[in-house]
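In my numbering, the protein residues as written are 175 to 920.
Backbone N, C-alpha and C define an ideal beta-carbon position, used for all residues, glycine too.
From a predicted model like this one, the values you see are computed outputs, not experimental measurements.
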């Protein structure tokens with residue numbers, strides 16, 4: 175700097191300003207940090223503390239199992255790029271030094287500041303970047319204008335997409351319809367996505383998995399749980415492609431579908447104790463910890479969470495319909511905050527009366543279910559029905575949101591990788607099992623299906639013919655799908671009867687029942703294989719078949735009971751045959767339980783629906799036996815079978831909190847109520863004191879009925895969770911066990 179004061183002969187002192195903290199500054203003018211942070215701590219803006227014995231890795235990176243990298247110089251490199259790129263810290267050469275993370279499209283300097291040439295390192299100045307990004311002649315601007323003009327807006331969602339693109343400027347809008355020049359430019363600038371070391375990436379996926387990162391489980395424990403699921407539970411509901419059954423693909427499943435893996439660990443930890451010391455206690459703790467995480471994740475679906483929009487999330491919901499967590503047995507723990515939100519409902523607002531049985535629509539049905547739950551007899555079962563229905567509705571919503579039921583576009587068929595084929599297979603599996611779950615739940619709960627007719631037709635026309643090709647027991651799954659079609663026919667028939675108010679006086683049921691019988695017999699001839707009986711999947715399929723048979727033919731017994739005197743003899747005889755077939759179906763279903771499931775030890779893996787089939791068949795068989803025989807005793811074959819079923823259900827429970835325990839106890843109570851006290855007289859018990867069970871165990875009949883019923887008496891109830899047994903007796907069930915039940919659901 176030179177100072178001139180008007181005197182030509184004298185020149186003032188020249189002042190030179192030395193730049194501070196620049197690349198060409200002298201060493202004494204450069205500021206230095208007290209310590210150097212690693213890249214990860216610098217991005218997170220946290221203090222980087224070295225370990226006691228070495229500088230690298232730091233404490234935080236070592237704790238999180240993350241790579242720790244140090245950089246000697248600051249990252250100031252910027253690229254001249256027209257498409258979107260990741261913002262970099264920008265250094266402004268002003269009097270003060272400031273690090274700003276702003277997009278390059280934002281003006282970094284006023285308009286009147288002249289553009290300086292590139293610096294020594296060859297980087298482009300900020301003003302040049304700003305001017306180039308704002309030029310109306312850039313390809314990005316031209317492409318954006320073309321997109322704005324050519325975009326078709328069919329609904330509000332399309333408008334949001336267009337608004338997002340317009341507001342984001344030239345940042346991250348990559349579409350197959352983009353211009354070729356822009357695509358090539360973006361691909362040349364974008365960082366490469368080639369996986370250099372797949373094993374390293376899988377190792378990082380394992381370490382970043384939430385359950386492992388939080389210390390809930392180890393990698394080996396997750397692999398043990400996944401192995402158990404694919405060996406035992408997956409064959410009963412293969413909603414995950416068989417590709418992931420290989421142990422080498424577990425890491426890929428963790429990386430792609432972490433929510434699904436959390437669900438699989440939660441379910442498997444209930445049924446599978448870990449090997450080693452205290453493995454059962456360890457699995458118990460893991461089950462409750464993972465359930466909390468799974469619960470929060472699934473509840474976020476209704477709030478629009480992005481992480482739950484995946485095929486794995488849909489599969490998790492379908493699995494939770496058939497296998498429940500332990501928390502469902504504790505309502506206060508299962509739905510936290512329910513009492514705070516709604517207050518305590520004492521159930522006094524809804525009383526049983528004859529007027530409540532003529533219609534179960536609207537608030538009356540809600541009130542009836544609330545009263546039944548308040549009795550706390552089998553309240554988890556009622557909660558299970560409602561939870562399963564909600565899970566199914568959410569799964570259907572996510573499937574429609576993800577366009578799972580839509581036909582593929584032509585562009586997606588041009589190039590198909592291995593991963594694409596797996597996703598395509600997964601998509602088809604989910605659509606089919608949503609269809610099957612919808613049919614089964616609607617039949618079980620007496621409701622209309624949730625899946626729209628258009629989507630149902632897509633499943634029948636496109637997925638039903640190919641979904642079983644990749645499954646092990648393809649013929650069984652084909653039979654399962656065909657059985658669902660017959661199930662729908664039976665459900666629609668019973669719904670038509672229910673709409674008539676239970677009056678069969680002017681309706682001939684025989685032709686309708688005959689059509690259902692022919693359809694079920696045709697299915698049996700085609701898909702029933704006695705040789706495959708020793709398969710858990712086949713046992714479940716047969717239980718489903720017998721339940722549907724019982725379900726379809728049960729109205730015959732009601733028609734005989736209501737109009738036995740007014741019906742013609744031929745019709746009465748035909749109805750009696752259908753009634754016998756329903757009883758035989760219930761007997762066959764229960765025989766599977768005692769002859770195969772209990773001896774094999776596979777009964778504890780049964781889905782929820784199969785446990786309900788057992789309860790329904792037991793009550794139907796007891797009802798039919800009481801209706802046909804006046805002087806019933808414990809020596810009757812049906813009563814003996816029911817005793818064996820009660821033992822099998824109780825001993826086959828996966829744990830002491832499973833609903834099987836309650837089912838066994840209350841079935842025993844029903845037997846106690848139904849059988850006369852004189853049936854245990856000594857004159858009959860002498861020749862039938864013991865009977866040999868099918869698996870070699872002896873079932874004591876003399877004085878042993880209480881053992882089979884597990885000492886359940888009215889005055890001294892030892893059933894966990896039952897608050898007031900007298901409330902159950904107030905319903906006056908003893909005079910007629912089943913009339914009250916049928917009046918509620920007829």
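- Assigned with DSSP and collapsed to three states, residue 244 falls in strand.
- DSSP places residue 224 within a strand segment (E or B) once states are collapsed to three.
- Here residue 431 really is in contact with residue 486; their C-beta atoms are around 3 angstroms apart, less than 8 angstroms.
- Taking C-beta atoms as the reference points, residue 447 and residue 503 fail to come closer than 8 angstroms.
- In chain order, 642, 645 place their CB closer than 6 angstroms to the CB of residue 651, counting only its own chain and leaving out the 5 sequence neighbours on each side.
- By DSSP's assignment, residue 212 forms a beta bridge with 244.
- By the neighbour-count criterion, in which 16 or more other beta carbons inside 10 Å mark a residue as buried, residue 437 falls on the buried side.
- Assignment of residue 232 by DSSP, reduced to helix, strand and coil, places it in the strand class.
- Going by beta carbons, residue 578 and residue 603 fall outside the 8 angstroms limit.
- Rounded to whole angstroms, residue 435 and residue 387 show a C-alpha spacing of 14 angstroms.
- In its chain, beyond the 5 residues on either side, 376, 379, 380 have a beta carbon closer than 7 angstroms to the beta carbon of residue 425.
- Residue environment: residue 461 is assigned as buried (16 or more neighbouring CB atoms within 10 Å of its CB, all protein chains considered).
- For the pair of segments examined, the segment 709–726 was found to touch the segment 657–666: the number of CB pairs separated by less than 8 angstroms reaches three.
- With contact defined as three or more Cβ pairs closer than 8 angstroms, the segment 779–799 and the segment 837–851 are in contact.
- Considering only 467, 811, 445, the residue with the shortest C-alpha distance to residue 457 is 445.
- Each residue's CA atom was taken as its position, placing residue 220 and residue 228 some 19 angstroms apart.
- A distance below 7 angstroms between beta-carbons, with the five flanking residues on each side excluded, links residue 418 to the following residues of its chain, in chain order: 427.
- Counting only the Cα atoms, residue 341 lies some 10 angstroms from residue 334.
- Shown here, residue 612 sits in a helix according to DSSP, grouped into three states.
- Per DSSP, the unbroken alpha helix (DSSP H) holding residue 561 starts and ends at 553–575.
- At the C-beta level, residue 384 and residue 467 come within 8 angstroms of one another.
- Counting C-beta atoms within 10 angstroms of its own C-beta, residue 495 has 16 or more neighbours from the protein chains shown and is therefore classed as buried.
- Around the beta carbon of residue 459, fewer than 16 other beta carbons sit within 10 angstroms, so the residue counts as exposed.
- When the Cα atoms are used, residue 245 and residue 213 turn out to be separated by approximately 7 angstroms.
- By the 16-neighbour rule on beta-carbons within 10 angstroms, residue 449 is exposed.
- Take residue 483, set aside five residues on each side of it, and the residues of its chain with a beta-carbon closer than 8 angstroms to its own are 572, 575, 576, in chain order.
- In the structure shown, the three-state DSSP call for residue 578 is coil.
- Rounded to the nearest angstrom, the Cβ distance from residue 761 to residue 812 is 7 angstroms, consistent with a contact under 8 angstroms.
- Taking a C-beta distance under 8 angstroms as the contact criterion, residue 809 and residue 824 do not qualify as a contact pair.
- For residue 401, the enclosing alpha helix (DSSP H) has its first and last residue at 393–402.
- When C-alpha distances from residue 394 are compared across 422, 407, 201, 374, the shortest belongs to 422.
- For the 8 angstroms CB-CB criterion, residue 819 and residue 768 form a contact.
- Ranking 493, 749, 831, 672 by CA distance to the CA of residue 733 puts 749 first.
- The C-beta of residue 338 has fewer than 16 other C-beta atoms within 10 Å across all chains shown, which makes the residue exposed.
- In the DSSP assignment, residue 804 falls outside any alpha helix (DSSP H) and carries neither an H nor an E.
- Within the same chain, Cβ atoms closer than 7 angstroms to the Cβ of residue 599 are found at 415, 644, the five residues on either side in sequence being excluded.
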